[in-house]
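Each residue of the sequence shown is one higher than the one before, counting from 379 in this note's numbering.
Glycine included, each C-beta is placed from N, C-alpha and C at the ideal position.
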Amino acid sequence: MAPGASVQQLPPKELALFKRIVKCYEHKQYRNGLKFAKQILSNPKFAEHGETLAMKGLILNCLGKKEEANEYVKRGLTNDVRSHVCWHVYGLMQRSEKKYDEAIKAYRNALKIEKENIQILRDLSLLQLQMRDLEGYKDTRYQLFILRPTQRVSWIGFALGLHLVEEYDLALSILEEFRKTQTNKTYDFEHSEFLLYQNMVYREAGRLDEALAHLERFQAEICDQLSYLETKADLLYQLGKKEDSALIYRKLLAKNSENVFYYKRLEECLGITDCTSEEAVARRIEMYDEIAKNLPRSLAASRLPLAFVPESSFVPRLAPLLIKMLRKGAAPVFTFFRFLYDDPVKVALIEQLTLSYRESLEKEFRFPGENEVEAPSTILWVYYYLALHYDYLNNFQEALQYVNKGLEHTPTLIELYTLKARIYKHAGNRKEAVRWIEEAQSLDTADRYVNSKCAKYMLQAGMITEAIIICSKFTREGVQTVDSLNDMQCMWFETECARAFRKMGQFGEALKKCHEIDRHFTDIIEDQFDFHTYCFRRMTLCAYVRLLRLEDLLRKHDFFFKAAKCAIKIYLRLYDAPHEATADMDGYSQNSATSRELRKQFRKQRKKAAKAEMERQKTQQRPQTAKLKQEAEVEESHRPVFDPAALAKTEKPLEDALLFLNPLIQLNCNKLAAYVLGFEVYYRRGKVLLMLLCLRKAEKIDPQSPQLHWCKVKFFKYIREHPIEGIVSEIVNEAYAEIRDCVDLKSYNLAYYKEHQVSLPHRLAVAEVMHFLDESEHAKAVEIATDLKSNLQGVSWKLVDVSKQSTTIPTTSLVDVQLPSENSERGVDSVAQPRTYDAVRNGNGYGQIANAQHKLEALKTWGISAYKCTKQAIAERLGKVPSSRTVDADIEGKMSLLRELQQRYNRLLLLTKALIGHLRHVQYTQIQLAEQLAQLAVRERDLQSDFLQNAQLLKCTSENCEHLLAALHFFTSSMNTLCNTTIEDTMVTVRQFESARLEYDAYRTELDMLKRSATRPPDFIAKLSEAENACTKYQQKYEQLRSDVETKLSLLSANKVRVLKKQMQLFNGALVAYYSGNQKGLEAVLRQFSVRSAQNNRLNMEEH
């Protein structure tokens, strides 16, 4: 603590205690730290010592008591705002809550007081790097470098900051000076990593000659020889020394002969890449043959030449390798050769060769031309390969034929069952695919891969409940399966769940999964905070820089794209048809059989969780040492749970869609669907330039896409219906000259149809555009879409017997053409249009003119007042006018307490409703169980009395549960009235009071400034009088509302105590009677509070 910085100085005794508090915090001795803080704060002279309060709050935060911790830290900062300790602690609190911007502000305030505090500078640098404030990070690391020039981390941190802002020359000079201070050891891995990082900076600076010289100079000190060789080979290649680079790549192939990149780079070094001449092909073959001879165990050296060898030598080269893999029984043999399937000629040769193997093995049990009899398993793997081969070619009948032969041969091979499920999935029969994958899973229930595949197939078939049950076999006991998978960030499961829910129309549940996936990516980005100091300490700087760059592009991952695509489509659907959100939730509540089944399946897990809770309570009663150790651990804060109903009923779906869309656009995603969906969002928002941006980026990916054609026509039509001017018009006309040249969009669509009439997806897009431009051409559009000619490309055909008539239908999945929604016209018309004045409807004459003038005056007055209030609010927020704010500590304290109480009562209400839902399912299960026992009593004479006794017991228990539910419903009804009516009414007045206070302060500040002004214009007296009258007016309004707030707070307090006393007596009495099994006591409680249960209502109806 800087001398004179804090206004609250401690005497030596208390100062020693404060230092011990800091030491206890650093050593995670939180209990001792709280004890010492209590000793200081118990002294009346230091009860409000800011730094002690702040440290106590920081320790409480480490113990998981976040609300109490925030109160102490804010109190401490308020009491000693000139203390850098208080600001530092406040920054640490904000950092723990992931509010990094606020934490940076707090650290900067602390540095204004204590400019050379090392710890604050370190914490600030970490946050700046986390937020990618690279210039700020460089400046902070420079200050640390100046203050601590003898520390290794100061040199490395400053050099890294210079590297990240691309000041390579200065970074290299810093690194070189630091290297000179290091002493060489025999085997120093950290020094080796430092040298590799220094070389990395050389290469990124473009100083390749110096990088190569540096690498050769320090070869003996670099421990990672693989990185050394790869870097050196790459440098030689970039410098044009390709012969030397080729020699090193040959050495690398001796280390790893299956690395395809080494082969490609070796070809480039020898100048034989993608050459079509016979001489170049012969050189390539010679190179691979030489490597295969020197490395006989290398499969890549024998496999890669198959892509470019002549047809005459293709089969002689393929046959030995294929026979070797089939004899070995390698399941991935098809994946091994799949890169050859882009060439139809080679595909035909592979099929012919494999069929000859199948025929020879079936007849003679040996391969053609060989005398050795093969093992029985060889023909099995031939069947397996042929099934995969035909499945890849979409010949599903042949694929099923061979997989069935394989099952007849060996009915216990799991790979055949998974392959059969895969074939059915590709053929479109997902139910049958699920049946066969379940069969595979039953053969080996301990196989996680097959288990995951089974769950994935079930989700794709819409069997969500069954998929969750399958996944529960490999999740943590005592925790619900969905929660466990969410904790493990199992994004493939959540992605498939989102798609399944979207297909079922349960948009809320689908959006919940999409938002959970987005939160996973946020967590991964935040987790990099732990690596900032670790990588400096371990000197893994190359990997650290790659990590930072990976984190910047993290949301380009396929998992995020799939979730974003699903979420954006749902939000577009909700915007086009808002009524579907309500229908979705209504259907979900009525058809909640899935939820009920899930709860039944998870009942065992709840019992295990209860048992685990009992064990946890037992561990808390162990000796004091274990208890102290347990309390020292930081408790994880509960994360907010996404509410499906709220997500589905959003009032701003397009704004919510931007949460998923913006990362895809900003990171230049290479997926066409991202820009098509982006266009649809911006089209509905009327953003012309952003629409144009999406179209241009989509054109770079696939300029002939049918989805792009559909979007361009919509864009052209929008431009014509909504004229644009200025720079926007110039940009659009420059980007799309065809807008000016195209006279008729119908002709433009027809020309596009003539170019792509043999493509079914393009024909569908043309038909949709035709209907979009002119609905009267509906019949013609349908004719184009359904005219399936035999020359169509990209489809296969299959005969289907429908009503004894043979019809040809395409079986391939078509491109997902972006079709307009039912309310697409509304999407265009929803753009704001200027209002017109209707004289007939609104009337005319001087009365209307006077009314208009009165409205204009009211609008002017409101605008002036709003400007002044906004100015006052911003000034208060920035702390520029702290003295002009009217402060009433008493009333503001009461209002703050009321807000907190409202939140807590709302939380109590939600938890009680959740308890009612759980009890309702328990009661339903008790009734069903009682009925089953009663039916068994009729059939089992020997056990009749036992069954009847238990059935009667369960019936009585369910009746007691009915009484308890009635009491809880009465309790929630009263609490709902209290929270949403009584307290909310007071909160309305509170908000009006706060608005009046702001208005009063704004006009009072204006009056003060007017009085203090040096210049006095001629109308100064009139302006002063007007300002005084306005100030007096708003002061009276403020005082009146203050009186109203005090009155309502007083009435609320009395009413709240009276209501809650009665409700808590009911709550306590009902719970005690229910869990003690006192049925009469429970009925007495209901009578006492005049609560009628559903059972009593039924009895009264029967009597009448």
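Straight-line Cα distance separating residue j from residue i
i, j, result
"Leu-1343", "Arg-1298", "8 angstroms"
"Pro-683", "Ile-663", "6 angstroms"
"Thr-349", "Gly-435", "Nothing in the structure corresponds to residue 349, since the chain is present only between 379 and 1482."
"Lys-706", "Ala-818", "22 angstroms"
"Ala-1345", "Phe-1445", "7 angstroms"
"Pro-390", "Ala-415", "15 angstroms"
"Trp-1088", "Glu-1146", "8 angstroms"
"Glu-887", "Glu-646", "52 angstroms"
"Ile-399", "Gly-411", "5 angstroms"
"Arg-643", "Val-1110", "43 angstroms"
"Asn-829", "Lys-851", "9 angstroms"
"Leu-952", "Ala-1026", "8 angstroms"
"Lys-724", "His-1140", "30 angstroms"
"Lys-406", "Phe-1038", "40 angstroms"
"His-1341", "Asp-1021", "30 angstroms"
"Arg-1285", "Ile-1294", "14 angstroms"
"Ala-549", "Gly-535", "10 angstroms"
"Asp-822", "Ile-848", "13 angstroms"
"Tyr-762", "Trp-533", "60 angstroms"
"Tyr-1053", "Gly-618", "40 angstroms"
"Asn-448", "Lys-1426", "29 angstroms"
Residue span of the alpha helix (DSSP H) that contains residue i, given as start and end
i, result
"Val-857", "Counting along the chain, Val-857 falls outside any alpha helix (DSSP H), and DSSP gives it neither H nor E."
"Ser-532", "530 to 542"
"Thr-1367", "1362 to 1390"
"Cys-868", "Taken as a continuous stretch (DSSP letters only), Cys-868 belongs to no alpha helix (DSSP H), as it is neither H nor E."
"Tyr-1060", "1050 to 1063"
"Tyr-520", "512 to 525"
"Asp-1350", "Before going on, a small fix: residue 1350 reads as Thr here, not Asp. 1322 to 1355 is the extent of the alpha helix (DSSP H) around Thr-1350."
"Gln-1171", "Gln-1171 -> no alpha helix (DSSP H), and no H or E assigned at all."
"Met-471", "462 to 474"
"Glu-1461", "1457 to 1466"
Local conformation of residue i per DSSP, three classes
i, result
"Gln-1280", "helix"
"Ser-830", "helix"
"Ser-655", "coil"
"Ser-1428", "helix"
"Ser-676", "coil"
"Ser-1137", "strand"
"Gln-1044", "helix"
"Gln-387", "coil"
"Gln-407", "coil"
"Gln-1082", "coil"
"Leu-393", "helix"
"Pro-1022", "helix"
"His-1100", "coil"
When the Cβ atoms of the region 1101 to 1108 are set against those of the region 1043 to 1051, are three or more pairs found closer than 8 angstroms? no
Validate contact between the region 1444 to 1463 and the region 1388 to 1400 using beta carbons, cut 8 angstroms, 3 pairs: no
Between the region 554 to 572 and the region 509 to 525, are three or more C-beta pairs nearer than 8 angstroms? no
Contact between the region 1346 to 1354 and the region 1311 to 1322 (3+ Cβ pairs under 8 angstroms): no
Whole alpha helix (DSSP H) runs in the region 545 to 616 with 4 or more residues, listed along the chain? 546 to 558, 567 to 582, 586 to 595 and 603 to 616
Does the region 1324 to 1340 come close enough to the region 1377 to 1388 to have 3 or more Cβ pairs within less than 8 angstroms? no
Counting only runs that start and end within the region 858 to 936, where is the alpha helix (DSSP H) found for 4 or more residues in a row? 859 to 865, 869 to 882, 885 to 905, 909 to 916 and 919 to 930
Is the region 1305 to 1313 in contact with the region 1430 to 1437, if contact means three or more CB pairs nearer than 8 angstroms? no
With a cut-off of 8 angstroms, do at least 3 Cβ pairs link the region 917 to 926 to the region 1032 to 1043? no
Secondary structure, alpha helix (DSSP H): runs of 4+ residues fully inside the region 762 to 839: 774 to 787, 792 to 805, 808 to 821 and 826 to 838
Check whether the region 763 to 779 and the region 802 to 814 touch, using three or more Cβ-Cβ pairs below 8 angstroms as the test. yes
Stretch-stretch touch, CB-based, cutoff 8 angstroms, three pairs: the region 501 to 512 with the region 474 to 488: yes
Examine the Cβ distances between the region 831 to 849 and the region 867 to 881 and report whether three or more of them are shorter than 8 angstroms. yes
Are the region 692 to 704 and the region 664 to 672 touching by the rule of at least three beta carbon pairs closer than 8 angstroms? no
Would the region 936 to 953 count as touching the region 903 to 911 if we require 3 or more Cβ pairs under 8 angstroms? no
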